[in-house]
Structure formats: structure tokens, C-alpha cells
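This report refers to the structure that appears directly beneath it.
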Amino acid sequence: MQYKLYAVQISGGGPYNVVDLREFSMSNAVTSANNGSSHDTCALKSTTLVSRHCPQYLFNQPINDRLGRLGASSYALLRLIPLMEKSARMPARYYPLFLAVEGRTCLVVGAGAVGERKVRTLLKYGAKIRLVGRELSAWLEKKRSEKLVIWAGERYDRSHLLGVSLAFAATDDLDLNRAIAADAGELGVWCNMATDPELGSFIVPSVFEQGALSIAISTSGLSPAAAKLLRQKLQLEIGPEWDFFIRLLGELRLCFKSRGVAEKQAQEIFTTLAELPIAERLKQGRPQEAFAKTLEACRPVMSEAEIKAVWENLWNLFSW
Numbered sequence: 550m551q552y553k554l555y556a557v558q559i560s561g562g563g564p565y566n567v568v569d570l571r572e573f574s575m576s577n578a579v580t581s582a583n584n585g586s587s588h589d590t591c592a593l594k595s596t597t598l599v600s601r602h603c604p605q606y607l608f609n610q611p612i613n614d615r616l617g618r619l620g621a622s623s624y625a626l627l628r629l630i631p632l633m634e635k636s637a638r639m640p641a642r643y644y645p646l647f648l649a650v651e652g653r654t655c656l657v658v659g660a661g662a663v664g665e666r667k668v669r670t671l672l673k674y675g676a677k678i679r680l681v682g683r684e685l686s687a688w689l690e691k692k693r694s695e696k697l698v699i700w701a702g703e704r705y706d707r708s709h710l711l712g713v714s715l716a717f718a719a720t721d722d723l724d725l726n727r728a729i730a731a732d733a734g735e736l737g738v739w740c741n742m743a744t745d746p747e748l749g750s751f752i753v754p755s756v757f758e759q760g761a762l763s764i765a766i767s768t769s770g771l772s773p774a775a776a777k778l779l780r781q782k783l784q785l786e787i788g789p790e791w792d793f794f795i796r797l798l799g800e801l802r803l804c805f806k807s808r809g810v811a812e813k814q815a816q817e818i819f820t821t822l823a824e825l826p827i828a829e830r831l832k833q834g835r836p837q838e839a840f841a842k843t844l845e846a847c848r849p850v851m852s853e854a855e856i857k858a859v860w861e862n863l864w865n866l867f868s869w
């Protein structure tokens with residue numbers, strides 16, 4: 550819920566009285582002439598009035614309780630002068646999760662730019678697409694002809710949600726998106742909303758991928774632009790050296806398991822490797838130093854020849 554703190558002045562003069570208007574609803578206000586003022590001047594119904602005689606500070610009390618004690622006229626002309634804005638809407642707490650959607654049916658309602666973007670991303674991860682929308686783009690028509698996208702019609706119907714794992718309400722129709730989200734909620738389907746992210750059951754983070762490394766950034770829906778900015782900053786910092794390093798750790802883990810290395814010892818070695826500046830040395834163009842540090846950490850459980858073979862096999866997969 551959004552609210553503001555206002556200074557309230559009764560028309561005709563008088564002191565400013567600061568009140569907490571968290572319970573104040575502008576829908577109960579009748580806007581009247583502003584008389585050239587840059588501030589909002591409203592005639593308020595008696596249920597939302599605060600009299601000119603109210604104490605200066607009244608916080609953390611429902612406004613209806615205040616009215617019973619303070620008294621209010623049937624109508625009065627108030628000038629609402631914003632002092633500061635404060636958001637009482639706490640961001641939703643989203644559980645971070647990476648989903649395997651390969652082979653799962655996902656519904657996308659909306660064939661515009663947003664809907665197409667959703668389809669492209671979902672296909673990248675192997676999802677089956679059920680699409681509802683009009684005037685498919687050339688690309689969507691192509692995917693439909695390739696049977697990678699199943700077109701379910703021009704108009705959304707609740708039945709389109711049956712048998713799907715995820716739903717994306719990606720139209721520019723606010724009411725339609727909300728209807729889709731409501732239906733999805735009743736049917737137990739996770740739904741992402743393009744127009745009201747906070748009304749959906751999940752949001753899609755800003756994602757940066759570097760080979761095996763995926764970094765998802767979310768601002769809990771408060772500022773997608775900030776999430777995008779952070780992603781761009783990370784893209785400048787994290788290059789293919791991190792993909793190599795992560796894949797190296799994965800290969801070494803398999804080697805350790807095949808050799809029966811005790812879990813505790815393996816964890817100690819991986820902790821040591823993670824703390825070494827191996828990726829940094831690779832980024833600086835000093836692979837010999839990076840290999841030497843890897844060799845030093847893994848020598849207790851692998852021979853130099855074995856470590857070198859793992860390193861070189863992986864190195865040859867990269868074009869530096």
C-alpha cells in the first residue's frame with residue numbers, strides 16, 4: 550500500500566497540521582478548483598476529514614478512530630501539501646529459484662513484442678509453448694510452422710491454463726492480464742504478469758549468462774531498470790575466464806569422485822581453489838600462474854599429469 554505524509558491546511562488560513570494519512574483514500578475526495586495553486590485542493594467527504602483543531606502529530610492510529618475523538622464537519626476545503634513521500638508497500642519476498650522447463654508446457658498470452666520475447670527465452674531452455682494471440686510476427690509464424698509453438702487461438706480462455714507449468718500474461722490489456730492471473734491462481738499455475746508484476750506469482754529476473762555461469766538479478770519488482778544496470782556492470786566484470794574456472798571445478802569434482810576422495814578433503818581443496826585468484830590470472834593473460842595454483846591445490850589427490858590433462862582438455866574448448 551502506498552501512502553504519503555501531508556501538511557494539511559484548512560482553507561482560509563490557520564496552522565499546518567501534520568497527520569499520518571495512511572488510511573486516507575483519494576478515491577473519497579472530490580477535486581475542486583485549484584485557484585492557480587501548485588498544490589492539490591480537495592473537498593473531502595466527512596468520513597475522511599480531519600478538523601482544523603487536530604493535534605499537530607497523530608501517528609500510527611486508524612483515521613476513523615481519530616475522527617471519533619477529533620470531530621469533523623460535513624465538508625471542508627483542505628489544501629494537501631506533500632511534505633514527503635514514503636512507500637509502505639514492502640517488496641514481495643521472492644524465493645530465488647532456477648527452473649528446469651525443458652519439455653514442460655508454458656502458456657504465453659500475447660503475441661506482441663513482450664510475448665515474443667517470452668517465447669524466445671522459453672524456447673532457449675527447451676520449453677513447449679502454447680501461444681494465444683493475434684497477428685503473429687514472422688518469427689512466431691516460423692516457430693509455429695516448425696511446431697515449436699502451438700497456437701491455441703486469438704482469444705484467451707481459462708481452459709488454456711490446463712496442463713501448463715507456467716503462464717505468462719503478456720498482453721497490453723490490464724484487465725485481461727489480471728483475469729489470467731486470477732484464473733492461474735485458482736488452478737494452481739504459477740503466473741507472470743507483464744503489466745502488474747506484483748499481482749503475479751513470480752517475476753523473471755534480469756539474467757546474465759557466461760557459459761555455465763548464470764547470474765539472476767532481481768529488485769523484487771521495484772526497479773527492473775536498476776536490475777538491468779547491475780547486470781550490465783557485471784557483464785563488464787565477468788568474462789569467459791569465470792566460465793573456464795567453473796567448468797574446471799566441475800571436471801575436478803568428477804575426478805575426485807572417481808578416485809574416491811573423501812568428501813571432507815574434497816571440500817577443503819575446493820574451498821582453497823575458490824579463494825585462489827585463478828580467474829583473475831586468466832583474465833590478466835597469465836594462464837601459467839593460474840595452472841600452477843591449481844596444481845598446488847590438487848596435488849594431494851591427483852598427479853601433475855592428471856591435472857595437466859584436465860586443464861588442457863578444457864583449455865582447448867575455449868577460444869581466448
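For the sequence shown, the working numbering assigns the number 550 to the initial residue and increments by one for each residue that follows. We put the CB at the ideal spot given by N, CA and C, even for glycine.
Boundaries of the beta strand (DSSP E) in which residue i is found, first to last residue
| i | result |
| --- | --- |
| Ser757 | One point to set straight first is that residue 757 is Phe, not Ser, in the sequence displayed. Start and end: Ser755 to Gln759. |
| Thr654 | Thr654 to Val658 |
| Leu762 | Leu762 to Ile766 |
Per-residue DSSP class, three states only, for residue i
| i | result |
| --- | --- |
| Trp864 | helix |
| Lys857 | helix |
| Phe840 | helix |
| Arg679 | strand |
| Leu785 | helix |
| Ser852 | coil |
| Ile827 | helix |
| Phe717 | strand |
| Ala701 | coil |
| Pro645 | coil |
| Lys673 | helix |
| Val810 | coil |
| Leu710 | helix |
Cβ-Cβ separation, residue j to residue i (assumed contact under 8 Å), whole Å
| i | j | result |
| --- | --- | --- |
| Val658 | Ala733 | Contact flag wrong, Cβ pair sits at about 10 Å. |
| Val859 | Cys804 | 6 Å |
| Ala676 | Glu651 | 7 Å |
| Gly702 | Val681 | 6 Å |
| Ile699 | Ile678 | 7 Å |
Where residue i falls, given that 16 or more other Cβ within 10 Å makes a residue buried
| i | result |
| --- | --- |
| Trp688 | exposed |
| Asn741 | buried |
| Gly801 | According to the sequence provided, residue 801 is Leu. The question's Gly does not apply to it. Label assigned to Leu801: buried. |
| Lys667 | buried |
| Ile612 | Per-residue confidence for Ile612 stands at a pLDDT of 37, beneath the threshold of 50, marking its modelled position as unreliable; no derived number is given. |
| Gly799 | exposed |
| Lys692 | buried |
| Ala774 | exposed |
| Tyr643 | exposed |
| Phe867 | exposed |
N-terminal and C-terminal residue of the alpha helix (DSSP H) that residue i is part of
| i | result |
| --- | --- |
| Val738 | Counting along the chain, Val738 falls outside any alpha helix (DSSP H), and DSSP gives it neither H nor E. |
| Lys835 | The question names Lys, but residue 835 is Arg in the sequence shown. Segment: none, Arg835 is in no alpha helix (DSSP H) and carries neither H nor E. |
| Arg693 | Ala687 to Ser694 |
### Query
Using 8 Å as the threshold, is the stretch 838-856 in touch with the stretch 803-817, meaning 3 or more CB pairs across them?
By the C-beta criterion, the stretch 838-856 is judged to be in contact with the stretch 803-817, since at least 3 inter-stretch pairs fall below 8 Å.
### Meets three-Cβ-pair contact criterion under 8 Å: the stretch 721-728 and the stretch 676-686
Under the three-pair Cβ rule at 8 Å, the stretch 721-728 does not count as touching the stretch 676-686.
### Message
Any contact between the stretch 752-765 and the stretch 827-835? By contact I mean 3 or more CB pairs, one from each, below 8 Å.
### Response
No: fewer than three Cβ pairs fall under 8 Å.
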